[in-house]
Amino acid sequence: MLRQPESTEPPRFDTEGTDQQMDRFEYRSNALWCEEVPLAAIAAGFGTPTYVYSTDTLIDHYQRFVKAFDAIRPLICFSAKVLSNVHLLRLLGRQGAGIDAVSGGEMYRAILAGVAPERIVLAGVGKSPEELREAVRLGIRCVNVESEAEMDLLSRIAAEEGRQPRVAIRVNPDVAPDHRTPTQTTTGTRGGKFGVDLECAAELFRRTAGDRSLRVEGFHIHLGSPIFDPATYAVALDRLLELVKEVETSHRAVATIDIGGGFPAEYTDRSAPGWDDYAGAIVPRLEPFTRRGGQVIIEPGRTIAANAGVLLTTIRYLKRSGDRNLAVLDAGMTHLMRAALYDSYHFMWPVTPAGQIMPASRDQPWTDGLIEYDVVGPICESTDYLARGRAMPPLGAGDQIAIFTTGAYGMTMTSNYNSQLRPAEVLVEGDQVRLIRCRETYEDLVAFELLDSDIP
Ligand code: LLP
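Right, here's the structure in full:
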């Protein structure tokens, strides 16, 4: 028996949830819409798999994040590794966002997007000499240096260039987030590859603060992604502020504290605290610092972008394997890597559900009329599952499935494995749809392998 909606008005997601959950993807009249555009129309116009982004959601999340931290007037540098399409970086840049880059490529994207160098920070444990030189030439806001050796190299490059880059030392505060953060994405614990050990940071600051080629002026931390407990920031900041005090007692002023990213997105229903909860742990600790002229930098990514995007896919085949129902999509781990890599949960539901069965919640609980499916992709790897045992309305070949909360670390982690073509990206604004990245072609796949003379 299929569950029928009780009224003519189909149930919708509860948009009274946490900040990160509210978005402009919703079911109306038995069809999924992004703002004022039905997803089915996007599939018809652009094909699948396609990443679809909502302008309104992206801007709204950015603006509400800014508001939560308003009391300390931080420079918000959106983390480009999360979502790096130049059109979307431009959109955020126009809202006042800076960019957290982790490579020369991301700095290039930021500049192309019109973001001013003074609003770009560069992180990364293995920056190349060329990337450091580029940062120095551009005059970016801050190079977040991760080792003594990198500091020495940066100093030499800066001297050659006759410039004085602004520098923060990335510190490993040795703070472990709770068990909900995957170990693969925990970055601030002892023995890890990121930053310098807390007990070495003061000495490195003192030694290099007098370097006339550098302006060493602060510290940087990033604890992991996502961090579900605001108290984790509190512990790390208390340690960092001790370090700042220690450095300042030897008369070296600290001008910048960059607290990294790590704020969660809502992948299900209300599993993550809201932005005010994080601000509640962070703002009072940093207010004294900003009151005396210090600048705080924050590098959010997922929390702003994740629910601003869905991956629109099509079911190619339905099949049985033993006692399992399999739905084989045109998208797999090469188009959305997170489930295969971290066993991540992404809510998914048909764009036009059979029997008008609407999801009761993004936790996808079992309800009458649903069927359990393993949702897999076309890739020749046994780990190419997007979901296992997922309850959904009866599916048919050719149906479109939307995979939600994929605006963060979706497109940026795609690959060409199995010579798959990367998806298209489209941006919706009201009733307007704009292609912001073309679907790749076979020619694109071999473009770097063939010289002109090799082309038949
Ligand atoms: N700042 C730094 C220095 C980072 O390393 C990261 C993420 C961020 C900011 C942004 O973190 P967010 O606000 O998005 O949590 N691919 C994984 C996540 C890897 C995170 C890497 N660093 C995933 O799909 O979950």
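Position 155 of the sequence shown, counted from 1, bears residue number 818 in the working numbering, the numbering being contiguous throughout. For every residue, glycine included, the Cβ atom is placed at its ideal position computed from N, Cα and C. The structure presented is a predicted model; accordingly, all values stated were derived computationally and were not measured.
I'd like to confirm something about residue i: is its beta-carbon nearer than 7 Å to some heavy atom of the ligand LLP, or not?
| i | result |
| --- | --- |
| D993 | no |
| D763 | yes |
| M1076 | yes |
| F1010 | no |
| G768 | no |
| P712 | no |
| S810 | no |
| T720 | no |
| P737 | no |
| R1001 | yes |
| P889 | yes |
| T850 | yes |
| H885 | yes |
| T976 | no |
| R804 | no |
| Y1036 | no |
| V745 | yes |
| R800 | no |
| E813 | no |
| F926 | yes |
| E929 | no |
| E962 | yes |
| A760 | no |
| A971 | no |
| R965 | yes |
| A864 | no |
| G923 | yes |
Can you tell me where the beta strand (DSSP E) holding residue i begins and where it ends?
| i | result |
| --- | --- |
| V973 | 972-984 |
| W696 | 694-697 |
| A942 | That residue, A942, is in no beta strand (DSSP E); its alpha helix (DSSP H) goes 938-954. |
| E1106 | E1106 -> not in any beta strand (DSSP E); alpha helix (DSSP H) instead, spanning 1105-1109. |
| E689 | 688-691 |
| V907 | No beta strand (DSSP E) contains V907, which is instead part of the alpha helix (DSSP H) from 893-912. |
| L989 | 987-992 |
According to DSSP, which residues form a beta bridge with residue i?
| i | result |
| --- | --- |
| P1013 | I1064 |
| G881 | A831, T919 |
| S742 | D763 |
| L1090 | Y716, R1097 |
| A729 | The sequence shown places Val at residue 729, not Ala. Beta-bridge pairing links V729 to no other residue. |
| Y1048 | V1039 |
| C805 | V784 |
| G887 | T849 |
| R1053 | Y1036 |
| V859 | V834 |
Tell whether a beta-carbon distance below 8 Å holds between residue i and residue j.
| i | j | result |
| --- | --- | --- |
| S810 | V859 | yes |
| V838 | G851 | yes |
| V784 | R753 | no |
| A821 | L877 | yes |
| L981 | A990 | yes |
| N988 | G1070 | no |
| G964 | K730 | no |
| A776 | G759 | no |
| P792 | L975 | no |
| E1106 | R1085 | no |
| I739 | G761 | yes |
| D1026 | D932 | yes |
| A1050 | A1002 | yes |
| T741 | I967 | Before going on, a small fix: residue 741 reads as Phe here, not Thr. Against a cut-off of 8 Å, the Cβ pair of I967 and F741 comes out as a contact. |
| T977 | A706 | yes |
| Y690 | M1076 | no |
| L817 | L795 | yes |
| M996 | D1047 | yes |
| N748 | Q1019 | no |
| L992 | G1052 | no |
Considering residue i, what are the terminal residues of the alpha helix (DSSP H) in which it resides?
| i | result |
| --- | --- |
| Q958 | Unbroken run through Q958 is the beta strand (DSSP E), 958-961; no alpha helix (DSSP H). |
| L1004 | 1001-1005 |
| V799 | 792-801 |
| V749 | 749-757 |
| I967 | 965-968 |
| G708 | 702-709 |
| D841 | It is not in any alpha helix (DSSP H) - D841 carries neither H nor E in the DSSP assignment. |
| Y824 | Checking the displayed sequence, the identity of residue 824 turns out to be Glu instead of Tyr. Taken as a continuous stretch (DSSP letters only), the alpha helix (DSSP H) holding E824 covers 811-824. |
*Pair every Cβ in the region 922-932 with every Cβ in the region 881-889, then say whether three or more of these pairs are closer than 8 Å.*
Three or more beta-carbon pairs drawn from the region 922-932 and the region 881-889 are found closer than 8 Å, and the two stretches are therefore classed as touching.
*Counting Cβ pairs, one atom from each stretch, are 3 or more of them under 8 Å apart for the region 822-839 and the region 859-867?*
By the C-beta criterion, the region 822-839 is judged to be in contact with the region 859-867, since at least 3 inter-stretch pairs fall below 8 Å.
*If you pair each beta-carbon of the region 683-698 with each one of the region 954-961, do three or more pairs fall below 8 Å?*
Inter-segment contact for the region 683-698 and the region 954-961 is absent: fewer than three beta-carbon pairs are separated by less than 8 Å.
*Are the region 1078-1096 and the region 715-730 touching by the rule of at least three beta carbon pairs closer than 8 Å?*
Under the three-pair Cβ rule at 8 Å, the region 1078-1096 counts as touching the region 715-730.
*asked:* Contact between the region 1004-1012 and the region 1052-1072 is defined here as three or more beta-carbon pairs at a separation below 8 Å; is this criterion met?
replied: The region 1004-1012 makes contact with the region 1052-1072; the number of CB pairs closer than 8 Å reaches 3 or more.
_Can you confirm whether the region 732-741 touches the region 935-950 when touching is taken to mean that 3 or more C-beta pairs between the two stretches lie within less than 8 Å?_
The region 935-950, when compared against the region 732-741, does touch it at the 8 Å Cβ threshold.
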